[in-house]
Amino acid sequence: MRFPVLIVTMLAAMSATAAEPKTALVIHGGAGFVPKDALSEEDRRDVHATLNRALDAGNRILQDGGTSLDAVEAAVLVLEESPRFNAGKGAVFNAKGGHELDASIMEGHTRRAGAVAGVTTVRSPIRLARAVMEHSPHVMLAGDGAEAFADTRPELERVPNTWFDTDHRKRALEKAQREEASKSGARPLEDDAPKYFGTVGAVALDKHGHIAAATSTGGMTNKKWGRVGDAPIIGAGTWADDRCGVSGTGWGEFYIRSAVAHDICARVAYRGDSLQAAAEEVVNKIVPAMGGDGGAIALDRDGNIAMPFNSGSMFRGWIRPDGTRGTGIHEDEPAR
Ligand code: ASP
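Numbered according to mature numbering (1 follows the signal peptide of the UniProt record, and there is no 0), the sequence shown spans residues -18 to -1, 1 to 318.
Next comes the structure, spelled out in structure tokens:
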């Protein structure tokens, strides 16, 4: 190839790369053990359709040149509004028969973060978490204080706590309490291993090369004493930096003790692990070695996506930089 031709070819290749910044989006609707026959074909279709609506909501923003922060909030909002998932409407019941919601959001390149725990009347906990990040001097607000802060933000819709009720979560509480009552009370925590989770989350890479992550949940069925899980804890359930973002779902106590979300990104940053290797090691080795289970979604600045889980199923959806997309529930099912 002659020299001028080579230069022109190189410039064309460079401008093509510059003109096409990568975007990527990955979401989850919770990891857990959902037996295949527990979902009717209609349930299954609805789960896939809702995951696709969440992907579309986030992706629209990314394609329009919007921020990863807006994209993860938009995707999580769709899942919070769906009664299928354990976040917002459809959140699990606590031991007192009410709902206490946890959420967090983080922007990678600025390391700004906002989180709320034990919220009872804010329709969208993820919007409240973002408001904490943007309109308060703090990172995390809990309980009555978080509610009082919400009072200062009229744009946040409030609902009675019963608005979050659903019949299937009520039945799950009754079942958990029956099982608890039939036990001696002296059994170790491991015997109470939860079978279903259902938290929601999203991680996105925008055209500006920035990553954000968000997670929202009702926590765990029959939780007591103001229990707070990993979802609102920055570094445990949610993390984003300038090269990696994670949203976790699983048995929160173990995710807190393993700093799952931060550990995955730290392995990428400090050890140069691939995103896939880092996510798999933490979710499939470190968490189970301690007795926990669950999954996570992770994304890096090149648009690589990892979605490991060890719980049999994880509601999940993804759109890769090349535009290929899919949604899935169980391990072995083809992407839809
Ligand atoms: N991680 C959540 C919690 O422990 C539960 C879930 O992922 O569904 O609160």
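A virtual CB, placed ideally from N, CA and C, is assigned to each residue, including glycine.
Using 6 Å as the cut-off, classify the Cβ of residue i as near or not near the heavy atoms of the ligand ASP, replying yes or no.
i: F291; result: no
i: A154; result: no
i: G208; result: no
i: G80; result: no
i: A213; result: yes
i: F179; result: yes
i: G232; result: yes
i: M202; result: yes
i: T199; result: yes
From the DSSP output, which residues share a beta bridge with residue i?
i: F291; result: G277
i: I193; result: L187
i: T102; result: Note: T102 sits in no beta bridge, so no partner.
i: S229; result: T220 and I279
i: T199; result: D84
i: L37; result: The partner list for L37 (beta bridge, DSSP) is empty, contrary to what the question assumes.
i: R94; result: E89
i: L7; result: A186 and I301
According to DSSP, is residue i helix, strand or coil?
i: G211; result: coil
i: G12; result: strand
i: M272; result: helix
i: V141; result: coil
i: M115; result: helix
i: G308; result: strand
i: R298; result: strand
i: G127; result: helix
i: G234; result: helix
i: R26; result: helix
i: A168; result: Only weak support is given to the placement of A168: the predicted model assigns it a pLDDT of 43, under 50, and the value that follows is read from those uncertain coordinates. Three-state DSSP puts A168 in coil, outside helix and strand.
i: A175; result: Per-residue confidence for A175 stands at a pLDDT of 47, beneath the threshold of 50, marking its modelled position as unreliable; the derived number appears in the next sentence. Correct three-state label for A175: coil.
i: V121; result: coil
i: V74; result: coil
i: E2; result: coil
i: K267; result: helix
i: R160; result: helix
i: K205; result: coil
i: P17; result: coil
i: S50; result: helix
i: D314; result: coil
i: P107; result: helix
i: R239; result: helix
i: C247; result: helix
i: R66; result: coil
i: D133; result: helix
i: D284; result: coil
i: D255; result: coil
i: D147; result: coil
i: T181; result: coil
Check whether the Cβ of residue i sits closer than 6 Å to any heavy atom of the ligand PLP, and report yes or no.
i: G12; result: Absence of the ligand PLP is noted for the structure shown, with the ligand ASP being the only ligands found.
Does the stretch 19 to 29 come into contact with the stretch 72 to 81, if we say contact requires no fewer than three beta-carbon pairs (one atom in each stretch) closer than 8 Å? Touching, no, given that fewer than three Cβ pairs across the two stretches are closer than 8 Å.
Check whether the stretch 37 to 52 and the stretch 213 to 221 are in contact - that is, three or more C-beta pairs closer than 8 Å. With a cut-off of 8 Å, the stretch 213 to 221 and the stretch 37 to 52 do not count as touching, because too few Cβ pairs lie within range.
Okay, do the stretch 129 to 139 and the stretch 108 to 117 touch, 3+ Cβ pairs below 8 Å being the bar? Segments in contact, yes.
Mind the definition here: the stretch 257 to 265 touches the stretch 233 to 247 only if three or more C-beta pairs lie below 8 Å; say whether that holds. Short answer: they touch.
Inter-stretch contact (C-beta, 8 Å, three-pair minimum) for the stretch 98 to 111 and the stretch 229 to 246: At 8 Å Cβ cutoff, the stretches do not touch.
Quick test of the definition: if touching needs 3 or more C-beta pairs under 8 Å, does the stretch 221 to 236 touch the stretch 9 to 17? Contact between the stretch 221 to 236 and the stretch 9 to 17 is present, because at least three Cβ pairs lie under 8 Å.
Counting beta carbon pairs with one atom in the stretch 83 to 92 and one in the stretch 149 to 158, are three or more of them shorter than 8 Å? Short answer: they don't touch.
Decide yes or no for the touch test of the stretch 288 to 303 against the stretch 266 to 277: beta carbon pairs closer than 8 Å, at least 3 of them. Yes: the two stretches touch, three or more of their Cβ pairs being nearer than 8 Å.
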